[in-house]
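Peer 1: Residue numbers (full-length UniProt numbering): 1 to 778.
From the three backbone atoms N, C-alpha and C, an ideal C-beta is built for every residue, glycine too.
Every value quoted in this text rests on a predicted model; they were computed, and no experiment measured them.
Got a structure here, written out as structure tokens. Questions coming.
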Ligand code: GLC
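Listed below in structure tokens is the structure:
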């Protein structure tokens, strides 16, 4: 999945939609599928592990050093003896081939059952990114297309970009290529930057890490969660831990051998505060509104809620422009409202994650106002990234970077200095090389932890550090090949994102989080180019989770789903964490629309959700998906997303329309006077979608979500993490302990799998599994 993102776009910005795949005329006769061939996820290939070099080929196809190869080979042989791999056919019709770039980048190849030949996927994932992802036209794509997405650099280009990223440019901005290509055979993604201590790999370092792990297990607050009243008791924890152990490279540890913390397999519900529930009656959602709906969330069956920013803010980016990190904007309530919300959520057994925005402040933040007043060269300006301009009179921006929201990433102030803003000009980027910034955020973390929040969602977690020289971004000659922003994950030179220094920030935060009782956690919004650097954010001494955006961008295809499942689990296992799964959020087109919209889009969305809920790790749901909301085509005069104002493209308002709770006309019980519209107008025709209407209908999407979440607790709570994904044509089978989740992503009915059907995402007429439908079978 991570390899395929460049041409999957969630057209949240443009609103363009492709029609859903239409069945070809005349279904073929129904046949039992050939026996499925599996790849077991708990048997990662030697050489795939980023922490250990591959035995056969280095990253660029050059031989790895013999001793490393020997060691890896020995370890692999040992592992195979302890955990024998199911026999797999080689040669003949199938077989798994390696791509030219060698095992490190190539990752686990997914074997296709039932086809003519094995598909050898090319390496190097242009990773899909925020706002721009969607399945391809028909949800299917030829293997050749998958291998070389448009705009992806060739092998030489990739080498160049890797070299720029790793070693920095020379004085002329050219990549400094390694002198001997062999020296890079360990591959970069999990390799440490200069001050990246966590990736140390010498035997002494590894011993120290193990010691640290043991000490942490003895004394650290993880143990306290056993006394935590919020934590439900589980069976079978030993088993799951046992499974994880053999994913773990030497030197890494798990927090506790007998249990997992609450977030490990939690279902987290994202509340976009402005659009959830409005109790103050001004057309904008608020904290008392959330509190009033907590019983709804408990009954839905989620474990936690993540609330988007409610801090003091001029709302230019709807809260992601913070003017005071330790106070509540009057739009949303007061600090006392936060306390009430936390108390009631905890009473109902729900955890609460709040949003933290460390990359930038609002231009109304006291620090930025002081910086403007103090003038060039002042210590106040040193908290942000102010620079003189280029050109004879400094009239040109300091470099060629673009803002994620369109236009240049620099704005000039009256005295001639320029400041950097990777988002809107009202969101100046902080300079994390200034120690004052780190100290300020430690205070912010402690402020909310002291109030009792259970965790943080870290906004733009990969953005805090920029390459120190602030050099120009190397751009392809053809402008259309340049990803417009961080949201479009093609492999390209990115001196503004994902710098190695950022990991020290998260080590510091981890120490802070661990010093509080009750398994406080943090989840990273890190849009990395591949899964491996994503996994660096969740190493044992950094953050706990990272959003798996690769899953969100997966096209409608059994093979693509199988690939992303395999690769995501492998990537996070190397970091000793659990995967996360997310299909929608406040930045991307809602997934029923992405999957084609209308009845087909909804059927696919329900099927994808059912599949997701069967996977190990935790699932993040976005408000409104449980009632099957689609992306709304918000009329231009009502659009409010800053990106709309900067680019003229529709932006993200269509996934942020306030929820319909009850009634048959706007505001559909959202809050505010009858007949008035909330901050983004709701469409006519939502009456059948309201929570009230769906609660009364056992066939509704809401009833389906509630049933699926209940079953997940009943059937999978405490289950071993073991997962095996396999495909047979368009049918995907995910095996978990005790159940199989089976999805028909094709256009013809497939045989219903044998066994007891526990739940299905849609009707099962005539004993077959219809297209766009998933089931759990025991
Ligand atoms: C994150 C948020 C997005 C916001 C941006 C800038 O990507 O999810 O909504 O606009 O950061 O803070």
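Out of curiosity, what's the CA-to-CA distance linking residue 371 and residue 379?
Peer 2: Those two C-alpha atoms are separated by around 8 Å.
Peer 1: Which term fits residue 770, buried or exposed, when burial requires 16 or more other beta carbons within 10 angstroms of its beta carbon?
Peer 2: So residue 770 ends up on the buried side.
Peer 1: Assuming residue 653 and residue 634 form a contact by the criterion Cβ under 8 Å, report the distance between their Cβ atoms to the nearest whole angstrom.
Peer 2: Indeed, because the Cβ distance is near 4 Å, the residues count as touching under 8 Å.
Peer 1: Is residue 335 buried or exposed, if buried means 16 or more other CB atoms sit within 10 Å of its CB?
Peer 2: The residue in question, residue 335, is exposed, as its Cβ has fewer than 16 Cβ neighbours within 10 Å.
Peer 1: What would DSSP say about residue 439, mapped onto helix, strand or coil?
Peer 2: Residue 439 falls in the helix class under three-state DSSP.
Peer 1: Is the beta carbon of residue 680 sitting closer than 8 Å to the one on residue 615?
Peer 2: Cβ atoms of residue 680 and residue 615: not closer than 8 Å.
Peer 1: What is the C-beta distance between residue 298 and residue 341, in whole angstroms, given that I count them as a contact (C-beta under 8 Å)?
Peer 2: Not really, about 13 Å apart at Cβ, beyond 8 Å.
Peer 1: Grab the span of the alpha helix (DSSP H) containing residue 705 for me, first residue to last.
Peer 2: Per DSSP, residue 705 belongs to the alpha helix (DSSP H) from 701-711.
Peer 1: Taking the C-alpha atoms as reference points, what is the distance between residue 90 and residue 262?
Peer 2: Residue confidence is low: residue 90 scores 34 on pLDDT, short of 50, so the model does not pin down where it sits. Its coordinate-derived value is still stated next. Approximately 42 Å, taken between the alpha carbons.
Peer 1: Which residue or residues does DSSP assign as beta-bridge partners of residue 777?
Peer 2: 740, 757.
Peer 1: Terminal residues of the continuous beta strand (DSSP E) containing residue 455?
Peer 2: 455-458 is the extent of the beta strand (DSSP E) around residue 455.
Peer 1: Using the Cα positions of residue 49 and residue 574, report the straight-line distance between them to the nearest angstrom.
Peer 2: Here residue 49 scores only 35 on pLDDT, less than 50, and its place in the model is too uncertain to base an answer on.
Peer 1: Which same chain residues end up closer than 7 Å to residue 552 when comparing Cβ atoms and leaving out the 5 residues on each side of it in sequence?
Peer 2: Cβ within range, chain order: 133, 582, 583, 588.
Peer 1: With C-beta atoms as the reference, is residue 781 less than 8 Å away from residue 319?
Peer 2: Outside the shown range of the chain (1 to 778) lies residue 781, about which nothing can therefore be said.
Peer 1: Starting from the Cα of residue 303, find the closest Cα among 265, 325, 275, 293 and give me that residue.
Peer 2: Residue 265 is the option with its Cα nearest to residue 303.
Peer 1: May I have the straight-line CA-CA distance separating residue 604 from residue 598, to the nearest angstrom?
Peer 2: About 10 Å.
Peer 1: Is any non-hydrogen atom of the ligand GLC found closer than 7 Å to the C-beta of residue 365, if you look at the structure I gave you?
Peer 2: Outside the cutoff, so no.
Peer 1: Please tell me whether residue 614 has its Cβ less than 8 Å away from any Cβ of chain C.
Peer 2: Of the chains in the structure shown, none is chain C; there is only one protein chain.
Peer 1: Roughly how many whole angstroms lie between the Cα atoms of residue 688 and residue 696?
Peer 2: Cα-Cα distance, rounded: 11 Å.
Peer 1: Rank 505, 329, 293, 389 by C-alpha distance to the C-alpha of residue 420 and give the top, closest one.
Peer 2: Considering only alpha carbons, the answer is 389.
Peer 1: For residue 419, which residues does DSSP report across the bridge?
Peer 2: DSSP output for residue 419 lists 386, 411 as bridge partner(s).
Peer 1: DSSP three-state call for residue 516: helix, strand or coil?
Peer 2: Coil.
Peer 1: Would you list the residues sitting across from residue 396 in a DSSP beta bridge?
Peer 2: Its beta-bridge partners are 390.
Peer 1: Excluding five sequence neighbours on each side, which residues of the same chain lie with their C-beta closer than 8 Å to the C-beta of residue 374?
Peer 2: So the qualifying residues of the chain are 380, 381.
Peer 1: Express the C-alpha separation of residue 706 and residue 384 in angstroms, rounding to a whole number.
Peer 2: In a straight line, the C-alpha of residue 384 is about 46 Å away from that of residue 706.
Peer 1: Using the rule of at least 16 other Cβ atoms within 10 Å of the residue's Cβ for burial, across every protein chain shown, is residue 577 buried or exposed?
Peer 2: Buried, by the Cβ-count rule.
Peer 1: Let's see if you can read the secondary structure: which residues bound the beta strand (DSSP E) around residue 622?
Peer 2: Where residue 622 is concerned, the enclosing beta strand (DSSP E) stretches over 618-622.
Peer 1: Can residue 460 be considered in contact with the ligand GLC, in the sense that its beta carbon sits closer than 7 Å to one or more heavy atoms?
Peer 2: At least one heavy atom of the ligand GLC is nearer than 7 Å to the Cβ of residue 460, so yes.
Peer 1: CB residue 337 to CB residue 288, shorter than 8 Å?
Peer 2: Yes, Cβ-Cβ distance for residue 337 and residue 288 is below 8 Å.
Peer 1: Please confirm if the stretch 717-727 is in contact with the stretch 659-676, defined as three or more CB-CB distances below 8 Å between the two stretches.
Peer 2: As far as the Cβ criterion goes, the stretch 717-727 does not touch the stretch 659-676, which means the pair count is below three.
Peer 1: Does at least one heavy atom of the ligand GLC sit under 7 Å from the Cβ of residue 269?
Peer 2: Flag unset: Cβ of residue 269 not near the ligand GLC.
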